[in-house]
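*Asks:*
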Amino acid sequence: MIRSITQQKPEEELDRLLDGLGRVFIVGCGTCTTLTNTGGAPQVDAMKEAQTKKGKLITGTVVLPVACDNISKEALAECGQQIGLADALLVMSCAFGVQTIARQIKKVVVPALDTLFIGKETDVGLFDEICSQCGACIIGETGGICPVTSCHKGLVNGPCGGTNDGMCEIDRKKDCAWTMIYNRLRDLDRLDAMKTLQKPRNHHGGEPRPGKLRLASS
Ligand code: SF4
Ligand code: SF4
Numbered sequence: 001m002i003r004s005i006t007q008q009k010p011e012e013e014l015d016r017l018l019d020g021l022g023r024v025f026i027v028g029c030g031t032c033t034t035l036t037n038t039g040g041a042p043q044v045d046a047m048k049e050a051q052t053k054k055g056k057l058i059t060g061t062v063v064l065p066v067a068c069d070n071i072s073k074e075a076l077a078e079c080g081q082q083i084g085l086a087d088a089l090l091v092m093s094c095a096f097g098v099q100t101i102a103r104q105i106k107k108v109v110v111p112a113l114d115t116l117f118i119g120k121e122t123d124v125g126l127f128d129e130i131c132s133q134c135g136a137c138i139i140g141e142t143g144g145i146c147p148v149t150s151c152h153k154g155l156v157n158g159p160c161g162g163t164n165d166g167m168c169e170i171d172r173k174k175d176c177a178w179t180m181i182y183n184r185l186r187d188l189d190r191l192d193a194m195k196t197l198q199k200p201r202n203h204h205g206g207e208p209r210p211g212k213l214r215l216a217s218s
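Position 180 of the sequence shown, counting from 1, maps to 180 under UniProt numbering, and the rest follow consecutively.
(1) When the distance is taken between beta carbons, is valine 108 closer than 9 Å to alanine 67?
(2) Within a Cβ cutoff of 7 Å, which residues of the same chain sit near proline 10, ignoring the five residues on either side of it in sequence?
(3) Please name the residue, chosen from Gln198, Cys168 and Ala88, that lies closest to threonine 142 on a Cα-to-Cα basis.
(4) How long is the line joining the alpha carbons of proline 65 and methionine 194, rounded to whole angstroms?
(5) Please confirm if the stretch 12-31 is in contact with the stretch 53-65, defined as three or more CB-CB distances below 8 Å between the two stretches.
(6) Which residue marks the beginning of the alpha helix (DSSP H) containing cysteine 32, and which one marks its end?
(7) Please name the residue in Ala136, Asp171 and Gly144 whose C-alpha comes closest to that of lysine 153.
(8) Say the cut is 8 Å; is the CB of proline 147 nearer than that to a heavy atom of ligand 1?
(9) Among Leu155, Ile130, Gly135 and Ala50, whose alpha-carbon lies nearest the alpha-carbon of glycine 144?
(10) Using a Cβ-Cβ cut-off of 7 Å (strictly less than) and excluding sequence neighbours within five positions of glycine 206, which residues of its own chain qualify?
(11) Cα-Cα, which of Gly39, Leu85 and Val62 is closest to alanine 75?
(12) Which word fits isoleucine 181, buried or exposed, when buried means at least 16 other C-beta atoms lie within 10 angstroms of its C-beta?
(13) Give me the Cβ distance between asparagine 59 and alanine 86, rounded to the nearest whole Å; I'm assuming they're in contact under 8 Å.
(14) Roughly how many angstroms separate the alpha carbons of residue 255 and threonine 122, rounded to a whole number?
(15) Return helix, strand or coil for arginine 172, following the three-state DSSP convention.
(16) Classify leucine 64 as helix, strand or coil using the three-state DSSP reduction.
(17) Going by DSSP, what residue range makes up the beta strand (DSSP E) through glycine 119?
(18) If we count the other Cβ atoms within 10 Å of its Cβ and call it buried at 16 or more, is serine 132 buried or exposed?
Right, dumping it as structure tokens:
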């Protein structure tokens with residue numbers, strides 16, 4: 001299962017973002033942040049308690065089924081009165097959900113969480129980072145394994161000199177991403193791809209980002 005992986009913002013940052021906003025409506029998400037225990041019903045309740053202790057008036061709470069879906073508009077409309085009383089919405093979803101809500105409601109929107117990466121659940125409650133959406137995907141040349149997220153140094157031309165018996169020099173319990181890439185390419189009989197020299201990365205994501213993308217109609 002693929003999820004947006006989030007973690008709660010540091011308390012000081014949240015205090016700063018909510019400074020001067022006395023009445024707050026809290027929004028959780030019933031999908032990713034429920035699964036990762038960062039913005040489901042229990043976390044929304046805990047946030048309500050914590051913010052009340054800080055002197056905020058919580059005008060209401062809701063856990064949307066899927067915060068990043070446009071249908072959130074209808075779910076939020078059902079809480080229109082409580083939202084109307086609030087100075088701000090404190091949103092416990094990933095950044096996609098926060099932005100979806102910000103586009104639907106004319107109200108200050110404060111994210112309670114930081115969105116870290118797109119993760120795949122590999123064990124109960126354990127998510128592997130599989131893509132940081134760098135915008136210049138090279139996994140077609142690395143056997144389908146992403147070195148940007150799997151290599152501790154994010155090297156796109158690897159391995160570094162520290163790989164040792166297939167393990168990473170930075171975390172000796174972790175497989176070296178570039179050894180995994182090598183093994184995979186060898187198994188696929190595509191070791192030539194190891195010779196491809198990747199150009200220096202543009203950390204703004206390759207070509208200038210379009211900001212908007214229309215999918216080709218089928
Ligand atoms: S190379 Fe970039 S886009 Fe491709 S999987 Fe890795 S982080 Fe994601
Ligand atoms: S040992 Fe492998 S995974 Fe670790 S930093 Fe070097 S190339 Fe990357």
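For glycine and all other residues, C-beta sits at the position ideal for the given N, C-alpha and C.
*Replies:* Judging by the given coordinates:
(1) If you number the sequence shown from 1, residue 67 lands on position 67. If you number the sequence shown from 1, residue 108 lands on position 108. No, these two residues do not count as a Cβ contact at 9 Å.
(2) Working through the sequence shown from its first residue, we reach residue 10 at position 10. Cβ within range, chain order: n/a, list empty.
(3) For the purposes of this step, residue 142 is taken as the residue at position 142 of the sequence shown. With distances taken between Cα atoms, threonine 142 lies closest to Gln198.
(4) Translated into positions along the sequence shown, residue 65 becomes position 65. Translated into positions along the sequence shown, residue 194 becomes position 194. Distance from the CA of proline 65 to the CA of methionine 194, rounded to the nearest whole angstrom, comes to 44 Å.
(5) They touch, by the three-pair rule.
(6) Residue 32 sits at position 32 when you count from the first residue of the sequence shown. Judged by DSSP secondary structure, cysteine 32 falls within the alpha helix (DSSP H) whose first and last residues are 32-35.
(7) By 1-based counting over the sequence shown, the position of residue 153 is 153. Lysine 153 has its Cα closest to that of Asp171, out of Ala136, Asp171 and Gly144.
(8) Within the sequence shown, numbered from 1, the residue matching residue 147 stands at position 147. Yes, the Cβ of proline 147 comes within 8 Å of a heavy atom of ligand 1.
(9) Position 144 of the sequence shown, counting from 1, holds the residue named residue 144. Comparing Cα positions, the closest option is Ile130.
(10) For this step, residue 206 is matched to residue 206 along the sequence shown. The predicted position of glycine 206 is uncertain, since its pLDDT is 49 and thus under 50; a value taken from the coordinates is nonetheless stated next. These residues qualify, in order along the chain: Gly135 and Ala136.
(11) As a working mapping, residue 75 is identified with position 75 in the sequence shown. Sorting Gly39, Leu85 and Val62 by C-alpha distance to the C-alpha of alanine 75 places Val62 at the top.
(12) The count along the sequence shown starts at 1 and reaches residue 181 at position 181. Under the 10 Å beta carbon count, isoleucine 181 is surrounded by 16 or more other beta carbons and is classified as buried.
(13) As a working mapping, residue 59 is identified with position 59 in the sequence shown. As a working mapping, residue 86 is identified with position 86 in the sequence shown. One point to set straight first is that residue 59 is threonine, not asparagine, in the sequence displayed. Right, the Cβ-Cβ distance comes to about 4 Å (below 8 Å), so this counts as a contact.
(14) With the chain running from 1 to 218 in the structure shown, residue 255 is simply not present.
(15) Position 172 of the sequence shown holds residue 172. Three-state result, arginine 172: coil.
(16) As a position in the sequence shown, residue 64 is number 64, starting the count at 1. The three-state reading of DSSP puts leucine 64 in strand, counting E and B together.
(17) Locating residue 119 in the sequence shown gives position 119, counting from the first residue. Run containing glycine 119: 113-123, per the beta strand (DSSP E) assignment.
(18) Within the sequence shown, the letter at position 132 stands for residue 132. With fewer than 16 Cβ atoms within 10 Å of its Cβ, serine 132 is classed as exposed.
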